[in-house]
Ligand code: ACO
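Residue numbers (my numbering): 2 to 467.
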């Protein structure tokens, strides 16, 4: 990690108040493990010196009990269903601010003054166009390419264009990279859609808001004026706010891990986009719509709710459950309201929404979901809104990526400014072969003697037909 870093307030605020004692039952040896206390939230046992002192690692696949860093950006209390950005409740932000306000808040730590807001809006607006050479990248993709595949490629390629934003040790260049990423994501995403249709790419307009521009880039055509409906632009703005950050989720942790090796911010955000694409993460909004399609009618809901409970079936109710929330996802509550507003404005009676509401009702009364505290998450409703707004299913995760970019880059920036950061390099519990003598090829066992599929899958991979 670079030497040009300064300590952050949150690091200084962490005082050691008491300790945990770890005892080896075999040898009777014991060690004191200090605890760290954040401003709010559970205490954290500091195990940084554990291996050096005890020769033991901790085991935590999926990081369910591991704080990988300290952060001032976002706080979640999953039991209580609380989400705060820089101390502000998500519902208040969604109600009273716009996405640019939230971007500024996440990046800088405070809501902007009127002058700061004007300056920030201008900084973003002036970076929305794409370099003409970058636009040529699109024609290298097949028209049927998934837009997330295009996003990973084009965002990664930004590092080839903006050499004046890749010096990670220069705070001005870090901020310039943040502005460029936030500004260009709607253009990059919308062009992926336009390319799939074979329609001309639209140029962003400087007198439109971020969300109006996004709608115009997506749905405008050069042959006529595009007038964004303010209710729909507001709905897009809210969706972006609700997706802006969510502390150390899989994609943000991916961005941090990629950045921990001092990789440039464009490459790190491309890695985050790749992680977001998976259906267990940002791909869930697309998966919810596909699932509702598959369920088809209300009469078939019970069958799918039961299928989701079968331990031998990999099917899960998409849009349900969360690693952190064991209560209603506060973003889902706002999303549900926005969903009704949008459908009312557009005068749409969407049978998918009726199906979703009935599925939600049945699942929330089912003992399996109640006992495991599985509630609808943010993705449960976002797909229905985006569908009503005219976004094709495969663009849903792109919208998520556009909103989350500010979260990724704020975490990356925070990490680059922290004196605590080191290259991320987890250890492992090795369960493979111990050292053994090498066998020449002629003396090796023939493959068919080994047990077929178990050999191919390593013997324990979960498959739907296993
Ligand atoms: N449907 C059915 N069962 C579920 C579901 C679900 N959606 N989610 C969790 N469970 C069950 C698991 O099978 C597990 O059961 P077990 O205790 O009998 O083994 C238990 O609930 C706990 O689930 P885990 O998988 O251990 O929880 P984890 O924190 O690892 O996973 C995740 C969280 C990935 C979100 C999971 O709930 C899921 O796959 N949900 C569906 C996909 C989804 O909606 N993802 C979006 C998440 S929000 C976001 O990324 C913005």
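Glycine residues also receive a C-beta, built at the ideal position from the N, C-alpha and C atoms.
In the three-state scheme derived from DSSP, where H, G and I count as helix and E and B as strand, residue 46 is classed as strand. Residue 76 sits in a strand when the DSSP states are folded into three classes. Less than 9 Å separates the beta-carbon of residue 384 from that of residue 394. Sorting 330, 231 and 413 by C-alpha distance to the C-alpha of residue 263 places 413 at the top. Around the beta carbon of residue 249, a 10 Å sphere encloses 16 or more other beta carbons of the protein chains shown; the residue is thus reported as buried. With three or more CB-CB distances shorter than 8 Å, the stretch 67-76 counts as touching the stretch 417-432. Nearest to residue 45 by C-alpha distance, out of 52, 19, 87 and 30, is 19. Under the Cβ criterion (8 Å, minimum of three pairs), the stretch 265-284 counts as touching the stretch 148-160. Remark: the shortest separation between the CB of residue 379 and any heavy atom of the ligand ACO falls under 8 Å.
Here residue 184 carries a helix assignment [DSSP, helix/strand/coil].
Looking at the DSSP output, residue 86 shares a beta bridge with 75 and 89. Burial state of residue 180 is buried, judged by a 10 Å Cβ sphere holding 16 or more other Cβ atoms. For residue 304, the number of other beta carbons within 10 angstroms of its own is below 16, and it is reported as exposed. The alpha helix (DSSP H) runs lying completely inside the stretch 268-320 and spanning 4 residues or more are 285-296 and 302-308, given in chain order. A Cβ-Cβ distance of about 19 Å is found for the pair residue 186 and residue 386, leaving them out of contact under the 8 Å criterion. In this structure, DSSP gives residue 331 a helical state, which the three-state scheme calls helix.
Buried is the label assigned to residue 309, since at least 16 other Cβ atoms lie within 10 Å of its Cβ. When rounded, the separation of the alpha-carbon atoms in residue 381 and residue 143 is 30 Å.
Here the stretch 232-243 lies against the stretch 336-345, with 3 or more beta-carbon pairs under 8 Å apart. Counting along the chain, the unbroken alpha helix (DSSP H) around residue 213 starts and ends at 211-220. Of the heavy atoms belonging to the ligand ACO, at least one sits nearer than 8 Å to the Cβ of residue 322. DSSP places residue 21 in the uninterrupted beta strand (DSSP E) bounded by 20-24.
In this model, residue 222 and residue 275 are separated by some 30 Å (Cα to Cα). In this structure, residue 331 has its beta carbon at no less than 8 Å from each heavy atom of the ligand ACO. Annotation for residue 34: 20, 21, 22, 23, 46, 47, 48 and 51 place their beta carbon closer than 8 Å to its own, counting only its chain and skipping 5 residues before and after. Taken in chain order, the complete alpha helix (DSSP H) segments of 4 residues or longer contained in the stretch 380-447 are 380-389 and 397-418. Secondary structure note for residue 36: its beta strand (DSSP E) is the uninterrupted segment 31-37. For residue 57, the CB contacts under 7 Å within the same chain, skipping 5 residues up- and downstream, are 51 in chain order. When the alpha-carbon of residue 80 is set against those of 284, 375 and 436, the nearest one is in 375.
Distances between the C-beta of residue 328 and the heavy atoms of the ligand ACO are all 8 Å or more. Between the stretch 128-145 and the stretch 202-210, the count of Cβ pairs shorter than 8 Å is three or higher; the stretches touch. Among the bridge pairs identified by DSSP, residue 113 is matched with none.
According to the DSSP assignment, residue 169 belongs to no alpha helix (DSSP H), since it is labelled neither H nor E.
Straight-line spacing of the CA atoms in residue 278 and residue 441 works out to 43 Å.
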